[in-house]
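Enquirer: Using the numbering used here, read the sequence shown as starting at 1 and increasing by one per residue. Think of the CB as a built atom: it goes at the ideal place given N, C-alpha and C, for glycine as much as any other residue.
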Amino acid sequence: MNERKVALVTAAAGVGIGAAIASQLAADGFDVVVTDAHERRAGEFAEKLSQEFGREFLSLALDVTDFERVADVVKTVVEKRGSVDVLVNNAGWSKIEPLAQMSRETWLRCIDVDLNGTFNCMRHALPYMIERGTGSIVNISSIAAWETNTEHGAAYSAAKSGVHALTRVAAAENGKHGIRVNAVAPGLIYNEFLRKIYPDEFFDGYIENKSLVGRVGQPQDIANIVSFLVSDKAGYITGEVYGVSGGVCPNG
Ligand SMILES: NC(=O)c1ccc[n+]([C@@H]2O[C@H](COP(=O)([O-])OP(=O)(O)OC[C@H]3O[C@@H](n4cnc5c(N)ncnc54)[C@H](O)[C@@H]3O)[C@@H](O)[C@H]2O)c1
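(1) Indicate, with yes or no, if ligand 1 has a heavy atom lying under 7 Å from the CB of G14.
(2) Are A159 and D114 touching if we call contact CB-CB under 8 Å?
(3) Where does the unbroken alpha helix (DSSP H) through S227 begin, and where does it stop?
(4) The alpha helix (DSSP H) that contains P98, what's its start and end?
(5) So V138 and A183 are supposed to be a Cβ contact under 8 Å. How far apart are they, rounded?
(6) Assuming contact is defined by CB atoms lying nearer than 8 Å, are G123 and S83 in contact in what I supplied?
(7) At which residues does the beta strand (DSSP E) containing N182 begin and terminate?
(8) How about I207: is its Cβ closer than 7 Å to a heavy atom in ligand 1?
(9) According to DSSP, which residues form a beta bridge with S142?
(10) V226 to S103, Cα distance in whole Å?
(11) Flag this pair as yes or no: are the beta carbons of N120 and A11 separated by less than 8 Å?
(12) In chain order, what residues of the same chain lie with their CB nearer than 6 Å to the CB of L60, ignoring the 5 residues before and after it?
(13) Using the three-state DSSP reduction, which class does N242 fall into: helix, strand or coil?
(14) Here's the rule I'm using: 16 or more other beta-carbon atoms within 10 Å means buried, otherwise exposed. How should N174 be labelled?
(15) Quick one: does Y156 have its CB under 8 Å from some CB of chain C?
(16) Let's see if you can read the secondary structure: which residues bound the beta strand (DSSP E) around A61?
(17) May I have a chain-ordered list of the alpha helix (DSSP H) segments no shorter than 4 residues that lie completely inside the segment 107-168?
(18) Tell me, please, whether the segment 35-55 touches the segment 96-110 by the rule of three or more beta-carbon pairs shorter than 8 Å.
(19) Look up T65 in the DSSP assignment and say whether it is helix, strand or coil.
(20) Looking at the structure shown, is D204 part of a helix, part of a strand, or coil, going by DSSP?
(21) Please report the Cβ distance between D189 and I17, rounded to the nearest whole angstrom; I am assuming they are in contact, meaning their Cβ atoms lie under 8 Å.
(22) Just how far apart, CA to CA, sit E201 and R195?
(23) Measuring only the C-alpha atoms, how far is Y242 from G92?
(24) Consider the C-beta atom of P127 and the heavy atoms of ligand 1; say whether any pair is separated by less than 7 Å.
(25) Counting C-beta neighbours from all protein chains within 10 Å, is the total for F193 16 or more, i.e. buried, or is it exposed?
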C-alpha cells in the first residue's frame with residue numbers, strides 16, 4: 001500500500017508552473033503523477049524527479065480535453081498508486097485575438113482546455129475522493145478572470161472566470177465529503193514561451209510600472225501557494241480564489 005499521498009498534476013512537463021508544482025509536491029513528500037499532453041516530456045520529467053528524489057514517479061500522457069482519456073488516467077492512477085488525494089488542474093491555453101476578430105477555433109479551444117479540461121479532471125477525480133472522504137483540488141486560473149483590459153483576450157478571461165465558478169460550486173458540493181477546492185489566479189509568471197503569445201509591449205516596463213514588488217513572477221511563486229493549499233495547514237480554506245500577481249491585480 002502506498003504510504004504517500006498521491007498528487008496528480010496536469011500539464012506538469014512544461015517550462016512553467018506545472019513542473020514547479022510537481023517538483024514542490026515531490027519535495028513535500030507526495031507521490032506525484034506527472035501528466036502532460038506531451039508524452040515524451042512527461043516521461044523525461046518524471047525520470048528527472050526520480051533521479052532527484054530517489055524514488056519512482058509515474059508519468060502518463062494526458063490531454064485534459066479528452067474526457068474518456070481523463071477517466072482512464074484517473075482510474076490507472078488509483079489502480080497503480082492507490083488513490084488520488086490531490087489534483088492540480090494546471091493545463092491552460094490562450095491565443096490573444098480581439099473579440100470582433102476572434103475565430104471560432106480560438107474561442108472553442110480556449111474554453112476546451114482551460115474550462116472543460118478542468119471540469120473533466122474534477123469530474124473523474126471527485127468520485128474517488130468522495131469514496132475515501134478526503135481530497136484537495138487546486139485549479140490554476142489567472143488574473144485575466146478579473147481584469148478589464150485587452151491583455152489576455154475574452155476567450156481566456158471567460159474560461160478562467162468559469163474556473164472560479166467551478167471551483168466555488170465544487171467546494172460547496174464537496175466540503176461534506178472532506179474535500180477542499182481552491183483556485184490560484186497568477187499574474188505574469190515568466191517563461192520564454194509567453195513571448196510567443198504576448199506582444200513585446202506586454203513585457204516592456206512590467207517590472208517598473210506594474211509589479212509592486214520589483215520583479216515578475218516565477219513558477220515557484222505559484223508552487224509555494226499550491227504547496228500550502230493542499231497541506232493540512234489550509235484545512236479551513238475552501239472555495240477561495242487567491243491572486244498571486246505581485247500586486248498587479250490583487251484578488252479582483
Ligand atoms: N505563465 C503565466 O504568466 C500565467 C499567468 C496566469 C495563469 N497561468 C496559467 O497557469 C497554467 C500554467 O501555465 P504556464 O505558462 O506556466 O505553462 P506550463 O509550463 O505549466 O504548461 C505548459 C504545458 O502544458 C501542456 N499542455 C498544453 N495543453 C494541454 C492539454 N490540453 N492537456 C494537457 N497538457 C497540456 C504542454 O504540453 C506543456 O507541457 C495555465 O493554466 C495558465 O493559463 C499562467
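Expert: Taking the structure as given:
(1) yes
(2) yes
(3) 219-229
(4) First-last for P98: undefined, no H or E at that position.
(5) 7 Å
(6) The sequence as given places Arg at residue 123; Gly does not occur at that position. No, they are not a contact pair.
(7) 179-186
(8) no
(9) Beta bridge pairing from DSSP links S142 with no other residue.
(10) 34 Å
(11) no
(12) Excluding sequence positions up to five before and after L60, its CB lies within less than 6 Å of the CB of T35, V73, all in the same chain and listed in chain order.
(13) Position check: residue 242 holds Tyr in this sequence, whereas Asn was assumed. Three-state DSSP puts Y242 in a strand.
(14) buried
(15) The question asks about chain C, but that chain is absent: this structure has only one protein chain.
(16) 58-61
(17) 117-132
(18) no
(19) coil
(20) D204 carries a coil assignment under DSSP once its states are collapsed to helix, strand and coil.
(21) One detail in the question is off: residue 189 reads as Ile in this sequence, not Asp. That belief holds up - the Cβ atoms of I189 and I17 are roughly 6 Å apart, short of 8 Å.
(22) 10 Å
(23) 17 Å
(24) Checking the Cβ of P127 against ligand 1 gives no.
(25) Label assigned to F193: exposed.
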